[in-house]
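Colleague: With our numbering, the residue at position 181 of the sequence shown is 436, and numbering never jumps. Glycine included, each C-beta is placed from N, C-alpha and C at the ideal position. These figures come from a predicted structure and were not determined experimentally.
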Amino acid sequence: MRAVIFPQPGAMSYESVDDPTCGDQEVIIKVARSGVRGTDIHIFSNEYESDFPLIPGHEFGGEIVETGKDVTGLAIGDRVVVDPNLNCAHCDFCRDHQANHCASWEGIGVTRSGGFAEYVNVPARAAYTTPENFSATQMAFVEPLACVVWALRRIRVNPADRALIFGSGPMGLLLLQALRRNSAAEVVIVEKQAARLALARRFDASHTILADGGQQEELRDIVPKGFDIVVDATGILAVIESAFSHLKARGRFLQFGVAPMRASIKLKPYDVFRNDWTIVGSFALCQTTLPAIRWLESNAIDVEPLVSHQLPLSDFETVFNSFMAGETLKVHLAVDA
Ligand SMILES: [Zn+2]
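(1) Looking at the unbroken alpha helix (DSSP H) that takes in R409, where does it start and where does it end?
(2) Taking 6 Å as the limit between beta carbons, can you name the residues of its chain near N530, skipping five residues before and five after?
(3) Identify every residue that forms a DSSP beta bridge with G469.
(4) Counting only the same chain and skipping the five closest in sequence on each side, list residues whose C-beta sits under 8 Å from that of T544.
(5) For L419, collect the residues of the same chain with a Cβ closer than 6 Å to its Cβ; drop the 5 residues on either side in sequence, then sort them by chain order.
(6) Can you list, in chain order, every residue whose CB sits closer than 5 Å to a heavy atom of ligand 1?
(7) Along the alpha helix (DSSP H) that carries N576, what are the first and last residues, could you check?
(8) Just curious, the alpha helix (DSSP H) that E302 is in, first and last residue?
(9) Would you mind giving the Cβ-Cβ distance between Q393 and L561, rounded to the nearest angstrom? I have them listed as a contact below 8 Å.
(10) Once you ignore the five residues that flank Q542 on each side, which residues in its own chain have a CB closer than 7 Å to its CB?
(11) When DSSP labels each residue in this structure, what does D295 get in the three-state scheme?
(12) List the whole-angstrom C-beta distance separating I556 from L429, where the pair is believed to meet the contact cut-off of C-beta under 8 Å.
(13) Select from V412, N301, S368, S537 the residue whose C-alpha is nearest the C-alpha of W405.
(14) Leaving aside the five residues before and after F508 along the sequence, list all residues of the same chain whose C-beta is less than 6 Å from its C-beta, in chain order.
(15) Go to R417, then tell me how far its alpha helix (DSSP H) extends in each direction, as first and last residue.
(16) Please classify I331 as buried or exposed, where buried requires at least 16 other C-beta atoms within 10 Å of its C-beta.
(17) If I284 sits next to V377, beta carbons under 8 Å apart, how far is it from one beta carbon to the other, in whole angstroms?
(18) Residues in its own chain within less than 8 Å of I260 by CB, not counting five upstream and five downstream?
(19) Evaluate D459 with the Cβ neighbour count: other Cβ atoms within 10 Å of its Cβ, from every protein chain shown; 16 or more gives buried, anything less gives exposed.
(20) Which of helix, strand or coil does DSSP assign to R350?
(21) Identify, in the order they occur along the chain, each residue of the same chain with its Cβ nearer than 7 Å to the Cβ of A395, setting aside the five sequence neighbours on each side.
(22) What is the DSSP secondary structure of Q542, counted as helix, strand or coil?
(23) What does the alpha-carbon distance come out to for the pair A379 and A391?
(24) Please name the residue, chosen from V513, I477, E387, that lies closest to G490 on a Cα-to-Cα basis.
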């Protein structure tokens with residue numbers, strides 16, 4: 256089959272590799288659509304918990320073409336999406352509702368072969384069947400949306416909270432819609448690309464602010480005492496450091512964007528103490544695939560406008576470079592796109 260490979264950090268190729276073999280408890284999926292994510296840049300740059308060589312791609316859906324002999328409940332022809340976070344179900348974390356911190360955690364497209372390929376083998380327990388009317392685009396958005404569902408469970412939105420999001424990329428725009436669905440009274444979004452702000456307005460952002468250097472003053476004009484919820488969806492250190500200045504007393508800060516693994520920011524512990532602040536992380540997803548499917552099935556979350564490029568997998572290298580340069584929104588790939 257054809258697949259994208261990261262042979263070692265900082266290198267990529269598109270080549271022919273052996274088809275995956277199906278373990279007794281696995282299924283083989285013919286990938287219909289696979290999304291590129293900022294995390295893939297961190298994986299490429301070895302700033303994540305990846306193994307190399309790697310077939311990346313962790314947000315995808317497709318059709319089952321083979322099932323292992325011990326698999327029940329799934330059949331050839333089923334359209335499925337995948338929760339790429341594999342847990343052992345036996346360690347203390349798994350047995351304490353913390354499967355995303357499993358001591359033997361593995362990530363499809365992170366530590367084992369993922370969806371930037373014609374076929375991928377996954378444990379059957381990681382595959383979820385999708386509704387009949389699901390589009391391929393929706394399938395490839397289940398995983399990112401499941402991360403957003405997990406983030407919202409972590410941050411706990413209260414009725415009429417005022418929220419601020421830094422970053423209007425695909426994840427920021429999903430967070431915007433999700434916060435609107437979760438009873439936030441206002442959702443303000445800050446972004447350096449004007450075109451992305453236009454999309455944020457379409458998704459009912461209360462205010463959209465261009466990050467052109469004057470954003471701090473603009474934000475203080477809108478909400479002088481700060482926001483109940485501040486979300487970083489950029490992973491950019493300078494953005495994260497400045498974001499705290501817009502957090503209200505007793506506010507909750509959500510670190511959603513993935514920053515480089517070894518990077519650090521300056522934060523005054525006194526400010527955290529004096530302001531009753533809560534700082535929340537949300538790592539990937541944690542058994543939130545089903546609610547993400549429900550949100551998409553009910554059309555509560557609109558994902559079609561978030562796709563800027565839908566291309567054949569063979570264009571990966573070109574489009575990945577554009578993606579890294581911030582020139583795209585969501586990029587979707589497929590072998591026969
Ligand atoms: Zn475990």
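Modeller: Quick answer:
(1) The sequence position of residue 409 within the sequence shown is 154, counting from 1. Taken as a continuous stretch (DSSP letters only), the alpha helix (DSSP H) holding R409 covers 391–410.
(2) Your numbering for residue 530 matches position 275 in the sequence shown. Taken in chain order, the residues that qualify are A504.
(3) As a first step, residue 469 is located in the sequence shown; it is residue number 214 there, counting from the start. Paired residue(s): none; G469 is not in a bridge.
(4) The residue you call residue 544 lines up with position 289 of the sequence shown. Contacts found: V336, D338, Y383, V397, E398, A401.
(5) Your numbering for residue 419 matches position 164 in the sequence shown. Result list for L419: V443, F482, V485, H501, in chain order.
(6) N342, C343, C346, C349, C357
(7) The residue given as residue 576 occupies position 321 in the sequence shown. Start and end: 571–579.
(8) Numbered from 1 along the sequence shown, position 47 holds the residue referred to as residue 302. Counting along the chain, E302 falls outside any alpha helix (DSSP H), and DSSP gives it neither H nor E.
(9) The residue you call residue 393 lines up with position 138 of the sequence shown. The residue you call residue 561 lines up with position 306 of the sequence shown. Contact doesn't hold; Cβ gap of about 11 Å is too wide.
(10) Locating residue 542 in the sequence shown gives position 287, counting from the first residue. Closer than 7 Å at Cβ, skipping near neighbours: A354.
(11) The count along the sequence shown starts at 1 and reaches residue 295 at position 40. Helix at D295.
(12) Here residue 556 corresponds to residue number 301 of the sequence shown, with the count starting at 1. Here residue 429 corresponds to residue number 174 of the sequence shown, with the count starting at 1. I556 to L429, Cβ: 7 Å. Contact.
(13) Walking along the sequence shown from the start, residue 405 turns up at place 150. That would be S537, whose Cα lies nearest to the Cα of W405.
(14) Translated into positions along the sequence shown, residue 508 becomes position 253. Excluding positions up to five away in sequence, the list reads V485, L502, I534.
(15) The sequence position of residue 417 within the sequence shown is 162, counting from 1. Premise fails: R417 lies in the beta strand (DSSP E), 417–421, not in any alpha helix (DSSP H).
(16) Looking up residue 331 in the sequence shown gives position 76. Classification of I331: exposed, given that the 10 Å Cβ count is below 16.
(17) Position 29 of the sequence shown holds residue 284. Position 122 of the sequence shown holds residue 377. About 6 Å; that satisfies the 8 Å criterion.
(18) As a working note, residue 260 is residue 5 in the sequence shown. Here the set comprises M267, S268, Y269, E270, V272, P308, L309, I310.
(19) Your numbering for residue 459 matches position 204 in the sequence shown. D459 comes out exposed.
(20) For the purposes of this step, residue 350 is identified with residue 95 of the sequence shown, where counting begins at 1. Three-state result, R350: helix.
(21) Within the sequence shown, residue 395 is the residue found at index 140, counting from 1. Cβ within range, chain order: R288, S289, G290, E314, F315, G316, H587.
(22) The count along the sequence shown starts at 1 and reaches residue 542 at position 287. The answer is coil: DSSP assigns Q542 none of H, G, I, E or B.
(23) As a position in the sequence shown, residue 379 is number 124, starting the count at 1. As a position in the sequence shown, residue 391 is number 136, starting the count at 1. So the alpha carbons of these two residues sit roughly 20 Å apart.
(24) The residue given as residue 490 occupies position 235 in the sequence shown. Answer by Cα proximity: V513.
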